[in-house]
Amino acid sequence: MLINRYLLIISLLFYTVLYSAASTTEVCESCDYNSIQDAVDNAISGDTIIIKAGVYKEFAIRIEKEIHLIGEENSIIDGENNGTIINVSAENFSIKGLTIKNVGISYTKDYAAILVSRSKYFTIENNILRNVFFGILIEKSKYGLIRNNDISSSATHEASSGNGVHLWHCSRMRIEQNKVSNLRDGIYLEFVENSSISNNESSDNIRYGLHFMFSNNDEYFKNEFRNNGAGVAVMFSKIIKMHHNTFHLNWGPASYGLLLKEITDADIENNLFEKNTIGINIDGCSRINYTNNHFVQNGWAIKFHGGCYENIFELNNFIHNSFDLSYSSRLNDNKFEGNYWSDYNGYDLDKDGIGDVPYRPVRLFSYVVNKTPETLVLLRSLFVDIINFSEKVSPVFTPENLIDNKPIMIRINDRN
Amino acid sequence: MFKIFKYSTYDLLRSRWSYVYFSFYLILGFVLLFLNSDVSKAVITIMNIIVILTPLIAIIFGVMYYYNTKEFTELLLAQPIKRSKILIGQYLGLSVSLSLSLIVGLGIPFAVYGLFMSMVIFDFFLLLVVGGFLNFIFVALAFIITLYNENRIKGFGYAILVWLLLAVVYDGVFMIILIIFKEYPLDTFSLVVTMLNPIDLSRILILLELDISVLLGYTGAVFKKFFGTGMGMLSSLTVMFVWLIIPILLMIRKFNKKDF
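Here the protein sequences line up with chains A and B, keeping their order. Each number in my numbering corresponds to the 1-based position in the first sequence with 2 added. Each number in my numbering corresponds to the 1-based position in the second sequence with 246 added.
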């Protein structure tokens with residue numbers, strides 16, 4: 003007991019000493035330092051640098067120490083389009099509350115507002131990034147937190163624009179509550195493992211709201227993807243959990259809510275796909291569970307391309323989509339069961355909530371359109387309704403076993 | 247001509263069928279908006295109905311009206327009035343009263359549900375214009391059919407046949423051609439084919455106004471480029487006018503030559 007108490011006192015003393023060793027410096031017009039780079043150069047590991055309100059025209063600020071950069075309100079770093087603004091290669095650092103703008107475009111170098119390489123245990127939060135090329139670019143790092151940043155630019159072409167948050171070879175990262183707009187990809191992940199992306203809002207990006215490449219074991223949830231070229235693209239990745247996201251208004255001649263390419267073993271749950279040209283575009287994906295998703299007023303709710311096996315669709319809502327399902331091959335190894343289809347007009351005599359007649363989600367017109375896209379000009383004509391009806395009565399062209407044997411009569415957990 | 251137009255309009259406005267037609271649209275509008283109070287979605291649903299049903303009703307009603315008033319027409323012919331004036335008067339009377347039923351019948355429910363405050367007022371207006379055009383075109387077609395056929399059964403048969411051809415069979419043939427010749431560039435072809443059928447033209451015109459048009463993919467883009475411009479709108483309205491004028495001229499020619 004007594005020993006414990008001594009230990010406590012000693013450790014308290016120890017921490018006090020440690021704490022007092024770290025000092026706080028301020029940067030402003032009339033302070034000791036009026037340039038951020040000077041303050042950083044003269045700081046030691048563990049120091050905090052507070053940046054007062056004002057415009058600092060600096061770029062290529064190198065940080066190689068474990069320091070905390072904290073911006074007060076209206077502290078603006080203007081890079082004047084000269085290139086990367088803050089370049090960090092240290093662990094245990096944080097950058098908070100800064101406004102960083104005008105990074106400048108390069109076709110050969112990845113200029114970023116904040117570039118982090120080979121780091122661990124860091125926090126980048128509450129920053130406002132404007133007119134950037136890349137926003138936050140992180141390479142070969144671990145255990146980072148990127149939270150509540152507001153990143154936007156004015157991207158017009160894919161080639162001359164960068165990504166909002168770009169992670170390369172990272173693991174155990176958390177990207178939360180950021181707002182990303184008008185970039186190429188809102189959030190881009192390449193070789194990123196065991197990371198989570200949540201509560202972000204990604205909109206008006208010219209390519210993807212969120213883009214996974216070769217990234218396994220990740221999770222993204224409660225994000226909103228609005229009006230992007232495509233909401234989310236997940237490519238060549240395994241074991242990704244996608245849940246409680248909203249994909250909407252990804253509307254245009256080649257737009258998707260969610261684009262899946264060569265994905266296996268993923269879980270897609272509780273998402274809302276609303277008013278996208280194509281809700282989910284699936285190409286070469288296997289063993290994916292789609293549960294509890296809502297597809298509302300999309301052009302195509304789901305568009306299958308080749309090589310999709312063992313996908314299971316259960317308890318989803320398909321409400322007022324122009325086409326529920328487009329399927330290109332005649333073979334089917336995917337399972338549809340217990341979904342709600344707003345176009346279902348069967349009956350439920352025994353009142354168990356399950357329709358007594360199976361539902362065929364692929365209509366003949368959707369098959370015809372797949373073969374000859376030009377025929378889409380006949381959309382909503384009486385002839386199309388007639389052939390759809392006759393195909394429904396006796397299926398000839400659509401895959402015979404692509405069928406929902408237990409269509410439910412009322413929609414599941416109505417969000418409205 | 248105006249007098250005959252006035253009499254036939256009054257006569258029709260008093261007839262039971264006009265009220266049936268009027269209340270059909272009225273009830274339809276209210277039911278649609280009751281089930282789904284979103285005006286913009288109701289416009290889409292109503293498009294399907296206008297494009298398919300308006301021509302059918304116009305052509306059947308036209309045939310029926312002509313056969314019913316045949317004796318009155320013959321009586322008028324005995325008077326010193328120009329033949330074409332009698333015909334145009336009756337034609338306008340019928341078309342105008344049908345269009346009125348459509349416009350008022352759909353207008354009331356949509357106005358009640360706040361059309362004027364919504365963004366779709368232009369779409370709705372276009373819908374009514376298209377509906378009006380279809381009325382005028384198909385009444386003219388109906389008169390042509392009746393002028394060529396004294397036999398009522400035959401007349402009704404041809405009327406239904408013409409509607410079937412334009413509303414269903416045309417699209418079927420169109421689709422088959424598209425499938426067979428899919429290796430070739432078909433944009434101009436589909437543009438022309440669409441223009442040649444008033445029902446298809448109306449459908450595409452309305453579809454392009456709704457944001458559903460991006461579904462149409464590449465061909466849709468070509469269509470949008472064509473119809474979206476003032477030039478395209480103008481040329482499609484011109485085609486509608488041509489569709490209106492040719493049947494009217496045919497109708498007058500036959501009426502002038504006909505031996506009653």
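Note that CB positions come from ideal geometry on N, CA and C, so glycine has one too. Quantities reported herein were computed from a predicted structural model and do not represent experimental measurements.
1) Tell me whether the region 402 to 413 of chain A and the region 348 to 358 of chain A touch, counting them as touching only if at least three CB pairs, one residue from each stretch, are closer than 8 Å.
2) Less than 8 Å separating the beta-carbons of B:Phe268 and B:Val350?
3) Nearest to A:His213 by CA position, among A:Ser239, A:Thr377, A:Arg176, A:Tyr292, is which residue?
4) Using a C-beta cutoff of 8 Å, does A:Asn376 count as contacting chain B?
5) Determine the chain A residues that contact B:Phe420 at a beta-carbon separation under 7 Å, and present them in chain order.
6) Chain B beta carbons: is any one of them nearer than 8 Å to that of A:Ser140?
7) With C-beta atoms as the reference, is A:Phe249 less than 8 Å away from A:Asn219?
8) Would you call the region 152 to 159 of chain A and the region 171 to 178 of chain A in contact, with 3 or more CB pairs under 8 Å?
9) Can you check DSSP and say which residues form a bridge with A:Thr27?
10) Near B:Gly401, which residues of its chain fall below 6 Å by C-beta distance, leaving aside the five closest residues on each side in sequence?
11) Quick one: residues in its chain with C-beta nearer than 8 Å to the C-beta of A:Arg417, no 5 flanking neighbours on either side, listed in chain order?
12) Check distances from the C-beta atoms of the region 426 to 442 of chain B to those of chain A and list, in chain order, the residues that come in under 7 Å.
13) Consult DSSP for B:Ser481 and reduce its assignment to one of helix, strand or coil.
14) I need the DSSP call for A:Asp187, collapsed to helix, strand or coil.
15) Is it true that the CB of B:Phe389 sits closer than 8 Å to the CB of B:Tyr271?
16) Under three-state DSSP, which class holds A:Gly355?
17) Find the residues of chain B that neighbour A:Ile388, judging by a C-beta separation of less than 7 Å, and give them in chain order.
18) Flag this pair as touching only if the region 472 to 492 of chain B and the region 444 to 454 of chain B have three or more C-beta atom pairs under 8 Å; answer yes or no.
19) Say whether the region 324 to 340 of chain B touches the region 284 to 302 of chain B, bearing in mind that this needs 3 or more beta-carbon pairs closer than 8 Å, one atom from each stretch.
20) Evaluate contact between the region 362 to 376 of chain A and the region 251 to 258 of chain B, counting only Cβ atoms and requiring at least three cross-stretch pairs below 8 Å.
21) Would you be able to state if there are at least three C-beta pairs under 8 Å between the region 273 to 288 of chain B and the region 325 to 332 of chain A?
22) Using beta carbons (cut-off 8 Å, strictly below), is B:Asn314 in contact with chain A?
23) Under a Cβ-count criterion, where at least 16 other Cβ atoms within 10 Å of its own Cβ denotes burial, should B:Arg262 be classed as buried or exposed?
24) Using 8 Å as the Cβ pair cut-off and three pairs as the minimum, do the region 353 to 361 of chain B and the region 277 to 287 of chain B touch?
25) Measure from the C-beta of A:Lys394 to each C-beta in chain B and report whether the shortest distance is under 8 Å.
26) So A:Leu380 packs on B:Phe420, CB below 8 Å; how close in whole Å?
27) Going by C-alpha to C-alpha distance, which of A:Lys144, A:Ile65, A:Gly166, A:His70 sits closest to A:Ala114?
28) Does the structure place the region 312 to 322 of chain B close enough to the region 289 to 297 of chain B that three or more beta carbon pairs sit under 8 Å?
29) Which residue wins for smallest C-alpha separation from A:Lys181, given the options A:Glu221, A:Phe227, A:Asn372, A:Asp285?
30) At a Cβ cut of 8 Å, what residues of the region 112 to 128 of chain A count as close to chain B, listed as they run along the chain?
31) Express the C-alpha separation of A:Trp343 and A:Glu60 in angstroms, rounding to a whole number.
32) Is it the case that the Cβ atoms of B:Ile445 and B:Gly377 are separated by a distance below 8 Å?
33) Quick one: using the 10 Å Cβ neighbour count with 16 as the cut-off for buried, is B:Ile425 buried or exposed?
34) Rank A:Thr27, A:Glu31, A:Ile97 by C-alpha distance to the C-alpha of A:Asp49 and give the top, closest one.
35) Mapping DSSP to helix, strand and coil, what is B:Phe362?
36) Taking 8 Å as the CB-CB cut-off, is B:Asp417 touching chain A?
For this structure:
1) With a cut-off of 8 Å on Cβ pairs, the region 402 to 413 of chain A is in contact with the region 348 to 358 of chain A, counting three or more such pairs.
2) Working through the second sequence from its first residue, we reach residue 268 of chain B at position 22. Working through the second sequence from its first residue, we reach residue 350 of chain B at position 104. In this structure, B:Phe268 places its C-beta atom within 8 Å of the C-beta atom of B:Val350.
3) Against the first sequence, residue 213 of chain A aligns to sequence position 211. Here the closest residue by C-alpha is A:Ser239.
4) Taking the first sequence and counting its residues from 1, one reaches residue 376 of chain A at position 374. Note on residue identity: the sequence assigns Glu, not Asn, to residue 376 of chain A. Answer yes: the Cβ-Cβ gap between A:Glu376 and chain B drops below 8 Å somewhere.
5) Stepping through the second sequence from its first residue, residue 420 of chain B is reached at position 174. By Cβ distance, chain A contributes Leu380.
6) Mapped onto the first sequence, residue 140 of chain A falls at position 138. This sequence places Ile at residue 140 of chain A; Ser is not what is there. Under the Cβ distance rule, A:Ile140 does not count among the residues neighbouring chain B, no pair being separated by less than 8 Å.
7) As a first step, residue 249 of chain A must be located in the first sequence, where it is residue number 247. As a first step, residue 219 of chain A must be located in the first sequence, where it is residue number 217. Taking the C-beta atoms as reference points, A:Asn219 is found no nearer than 8 Å to A:Phe249.
8) The region 152 to 159 of chain A, when compared against the region 171 to 178 of chain A, does not touch it at the 8 Å Cβ threshold.
9) In the first sequence, residue 27 of chain A corresponds to position 25, counting from 1. Partner(s): A:Ile51.
10) The count along the second sequence starts at 1 and reaches residue 401 of chain B at position 155. In chain order, Val309, Ile391, Thr392, Asn395 place their CB closer than 6 Å to the CB of B:Gly401, counting only its own chain and leaving out the 5 sequence neighbours on each side.
11) Sequence index remark: in the first sequence, residue 417 of chain A carries index 415 (1-based). The predicted position of A:Arg417 is uncertain, since its pLDDT is 43 and thus under 50; a value taken from the coordinates is nonetheless stated next. Cβ within range, chain order: Leu274, His296.
12) Against chain A - using a Cβ distance shorter than 7 Å - the residues of the region 426 to 442 of chain B are Lys428, Leu432, Ser436, Thr440.
13) Taking the first residue of the second sequence as position 1, residue 481 of chain B is located at position 235. In the three-state DSSP reduction, B:Ser481 falls in the helix class (H, G or I).
14) Locating residue 187 of chain A in the first sequence gives position 185, where the first residue counts as 1. If DSSP states are grouped into helix, strand and coil, A:Asp187 belongs with coil.
15) As a position in the second sequence, residue 271 of chain B is number 25, starting the count at 1. As a position in the second sequence, residue 389 of chain B is number 143, starting the count at 1. Contact flag unset, no.
16) Position 353 of the first sequence, counted from the start, is the residue given in the question as residue 355 of chain A. Three-state result, A:Gly355: coil.
17) The count along the first sequence starts at 1 and reaches residue 388 of chain A at position 386. Here the neighbours are Val414.
18) In short, these stretches touch, since the Cβ pair count reaches three.
19) No, the region 324 to 340 of chain B is not in contact with the region 284 to 302 of chain B.
20) The region 362 to 376 of chain A makes no contact with the region 251 to 258 of chain B: fewer than 3 CB pairs, one atom from each, lie closer than 8 Å.
21) Remark: fewer than three beta-carbon pairs, one from each stretch, lie closer than 8 Å, so the region 325 to 332 of chain A and the region 273 to 288 of chain B are not flagged as touching.
22) The count along the second sequence starts at 1 and reaches residue 314 of chain B at position 68. No - not a single Cβ of chain A is within 8 Å of the one on B:Asn314.
23) Indexing the second sequence from 1 puts residue 262 of chain B at position 16. Exposed.
24) Segments in contact, yes.
25) Within the first sequence, the letter at position 392 stands for residue 394 of chain A. No, no contact with chain B.
26) Stepping through the first sequence from its first residue, residue 380 of chain A is reached at position 378. Stepping through the second sequence from its first residue, residue 420 of chain B is reached at position 174. Rounded, the Cβ-Cβ distance is 7 Å, consistent with contact.
27) Along the first sequence, read from residue 1 onward, the residue named residue 114 of chain A stands at position 112. Looking at the Cα atoms, A:Gly166 is the closest of the given residues.
28) No, the region 289 to 297 of chain B does not touch the region 312 to 322 of chain B.
29) If you number the first sequence from 1, residue 181 of chain A lands on position 179. Taking A:Lys181 as reference, the option from A:Glu221, A:Phe227, A:Asn372, A:Asp285 with the minimal CA-CA separation is A:Phe227.
30) Under the 8 Å Cβ criterion, the region 112 to 128 of chain A contributes no residue.
31) Within the first sequence, the letter at position 58 stands for residue 60 of chain A. Within the first sequence, the letter at position 341 stands for residue 343 of chain A. Approximately 58 Å, taken between the alpha carbons.
32) Locating residue 445 of chain B in the second sequence gives position 199, where the first residue counts as 1. Locating residue 377 of chain B in the second sequence gives position 131, where the first residue counts as 1. The answer is no: Cβ separation not under 8 Å.
33) One-based indexing of the second sequence puts residue 425 of chain B at position 179. So B:Ile425 ends up on the exposed side.
34) Sequence index remark: in the first sequence, residue 49 of chain A carries index 47 (1-based). Residue A:Thr27 is the option with its Cα nearest to A:Asp49.
35) Within the second sequence, numbered from 1, the residue matching residue 362 of chain B stands at position 116. The answer is coil: DSSP assigns B:Phe362 none of H, G, I, E or B.
36) Position 171 of the second sequence, counted from the start, is the residue given in the question as residue 417 of chain B. For B:Asp417, the answer is yes, since a Cβ of chain A falls inside 8 Å of its Cβ.
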